[in-house]
Amino acid sequence: MLASKHQDIQPIVESMRTQEADKDKIQNDNFNLKLELDQLRKQMDRNNKRDSSASLQPENYYTFDGDGHRRDSQRSDIMTATEKADAIMVELTEAQVRYAQLWNQFSQLQQEYDHLSVKAKQTERDYEKLSMNFQQKADESLQRQNDSRSKLEILRKDLQAARDKVEAIKNVAEETKREKDEAIRRWEESQKKIDESHIRSDGLQMEKDVIQAALAEARSSLMEERTRAKKKDDALLRAEQLAKESRQLLQKEKALREEKDNLLSQKAAELEGALRKANDYLSDREAIKSTLRAEVQRTETWEDAKRIMEEGKRFIAAESRAYADLKKTIEEGKSKFSDRSEYNPSWREEVATHLNACAKMLSLLQAETLSRRLYVLKCGTPAGGSESKLAVS
Numbered sequence: 545m546l547a548s549k550h551q552d553i554q555p556i557v558e559s560m561r562t563q564e565a566d567k568d569k570i571q572n573d574n575f576n577l578k579l580e581l582d583q584l585r586k587q588m589d590r591n592n593k594r595d596s597s598a599s600l601q602p603e604n605y606y607t608f609d610g611d612g613h614r615r616d617s618q619r620s621d622i623m624t625a626t627e628k629a630d631a632i633m634v635e636l637t638e639a640q641v642r643y644a645q646l647w648n649q650f651s652q653l654q655q656e657y658d659h660l661s662v663k664a665k666q667t668e669r670d671y672e673k674l675s676m677n678f679q680q681k682a683d684e685s686l687q688r689q690n691d692s693r694s695k696l697e698i699l700r701k702d703l704q705a706a707r708d709k710v711e712a713i714k715n716v717a718e719e720t721k722r723e724k725d726e727a728i729r730r731w732e733e734s735q736k737k738i739d740e741s742h743i744r745s746d747g748l749q750m751e752k753d754v755i756q757a758a759l760a761e762a763r764s765s766l767m768e769e770r771t772r773a774k775k776k777d778d779a780l781l782r783a784e785q786l787a788k789e790s791r792q793l794l795q796k797e798k799a800l801r802e803e804k805d806n807l808l809s810q811k812a813a814e815l816e817g818a819l820r821k822a823n824d825y826l827s828d829r830e831a832i833k834s835t836l837r838a839e840v841q842r843t844e845t846w847e848d849a850k851r852i853m854e855e856g857k858r859f860i861a862a863e864s865r866a867y868a869d870l871k872k873t874i875e876e877g878k879s880k881f882s883d884r885s886e887y888n889p890s891w892r893e894e895v896a897t898h899l900n901a902c903a904k905m906l907s908l909l910q911a912e913t914l915s916r917r918l919y920v921l922k923c924g925t926p927a928g929g930s931e932s933k934l935a936v937s
């Protein structure tokens with residue numbers, strides 16, 4: 545808009561400059577005409593004085609041509625000078641009239657130029673106001689983007705916690721299944737012993753009572769195992785519910801990611817719109833265009849790449865520690881329970897404790913790996929090939 549105003553003013557300025565040159569030329573012509581008129585007046589005064597001094601001398605007053613006719617040379621010169629002076633006065637008058645017209649036209653152009661200058665200043669003030677509004681909108685967009693990032697980080701943590709709970713419940717369910725199978729096996733063995741005792745029960749009433757007592761104990765143990773199995777089934781249902789909640793959290797994470805993409809697209813659109821407006825208001829268009837395009841197409845810097853590499857190194861170190869702790873825990877479990885094959889509730893609790901520790905180590909390892917992959921996906925491939933270095937490490 546400002547450039548179009550300048551283009552409208554340019555012909556007026558050129559016309560004013562041309563009229564100013566014409567005015568200077570007319571002034572010079574007027575000055576030359578005045579000088580020439582003064583010279584003619586002086587010549588007329590000299591001729592008048594000469595006529596008055598030579599009025600008593602007719603031979604000086606009259607001259608004769610080749611045919612002998614008398615010629616009034618001085619009077620004819622005076623008349624010629626008078627006519628020339630009158631013509632110069634007429635030209636001077638016309639030049640003054642033209643000068644007055646040009647001066648009026650120049651005054652009108654000066655007023656129009658002042659009016660356009662006021663409009664140009666108003667346009668500059670409007671542009672400054674628009675720039676302030678654009679900066680405020682850009683700050684608000686950045687704040688919304690930071691808020692969405694914080695929400696996304698919280699949802700990631702909740703999702704990881706839900707996954708840890710699901711893994712723990714799965715481990716408990718597997719342990720319950722193994723205990724149930726062990727109880728069934730023991731009950732079958734007791735049934736076999738009861739059958740064998742029935743074969744040898746002739747005349748052995750005492751052994752029969754012992755077998756019946758063992759059978760009753762086995763049945764009570766089986767009922768307890770069934771009760772525990774029912775509880776474990778409830779735990780499995782809870783695990784399925786947690787898995788459903790985790791899927792919902794994943795959907796929320798996807799929605800937040802789409803919202804983030806929309807915010808980035810909106811910011812890019814606002815920046816592109818501001819770029820088009822700036823091209824209409826500023827004369828130095830290319831510099832502003834390159835600055836705003838650099839802001840739209842900004843990529844990760846080398847500092848961000850170094851930070852991502854440091855994060856990758858920390859993740860790899862955490863994985864190594866988790867592998868070492870897991871291996872150590874498994875070796876302790878093997879050495880501690882390799883020589884105990886009989887069924888004992890206290891030993892079973894110790895085994896479950898060590899297995900839970902192993903599950904936590906595996907969950908920690910999976911969480912570290914997932915966090916690293918999510919971080920790399922979020923940040924993109926930085927300059928300097930940091931992604932390839934992480935993969936090799």
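Be aware that the sequence shown starts at 545, since it is given in the working numbering, and climbs by one per residue. No residue lacks a Cβ here, since even glycine has one placed at the ideal position from N, Cα and C. The structure displayed is predicted, hence computed values, not measured ones.
Please classify E769 as buried or exposed, where buried requires at least 16 neighbouring CB atoms within 10 angstroms. buried
Is the distance from the Cβ of K762 to the Cβ of S790 below 9 Å? The residue you asked about is not Lys; residue 762 is Ala in the sequence shown. No, they are not a contact pair.
Between the region 703 to 722 and the region 791 to 804, can you find at least three pairs of beta-carbon atoms closer than 8 Å? yes
Might you give, ordered along the chain, the residues of its own chain that have their beta carbon closer than 6 Å to the beta carbon of K737, omitting 5 neighbours on each side? Same-chain partners within the cutoff: there are none.
When the Cα atoms are used, what is the spatial distance from A717 to D725? 12 Å
Can you give the Cα-Cα distance for R729 and R693, rounded to whole angstroms? 54 Å
Exposed or buried, which one is L686 when buried takes at least 16 other CB atoms within 10 Å? exposed
In terms of alpha-carbon separation, which member of E723, Q649, R700, R669 lies closest to K798? Nearest option by C-alpha distance: R700.
Hey, is A712 close to the ligand PLP, as in C-beta under 8 Å from one of its heavy atoms? Looking at this structure, you won't find the ligand PLP or any other ligand, since it has none at all.
Just to confirm before moving on: does the CB-CB distance between S764 and A727 stay below 9 Å? no
Cut-off 8 Å between Cβ atoms - residues of its own chain near E803, not counting five sequence neighbours on either side: Only S692 meet the Cβ criterion.
Who are the Cβ neighbours of E635 in its own chain at under 7 Å, not counting the five residues just before and after it? L577
Contact defined as beta carbons within less than 8 Å: I believe R772 pairs with E732. What is the distance between those atoms, to the nearest angstrom? The pair is not a contact, with the Cβ atoms about 18 Å apart (cut-off 8 Å).
In angstroms, rounded to a whole number, what distance separates the CA positions of T667 and E656? 16 Å
Rounded C-alpha distance that separates E697 from Q689: 12 Å
Hey, how far is the Cα of A760 from the Cα of K774? Taking the straight line joining both Cα atoms gives about 21 Å.
Rounded to whole angstroms, what's the CA-CA distance from N677 to E684? Just pull it up for me. 11 Å
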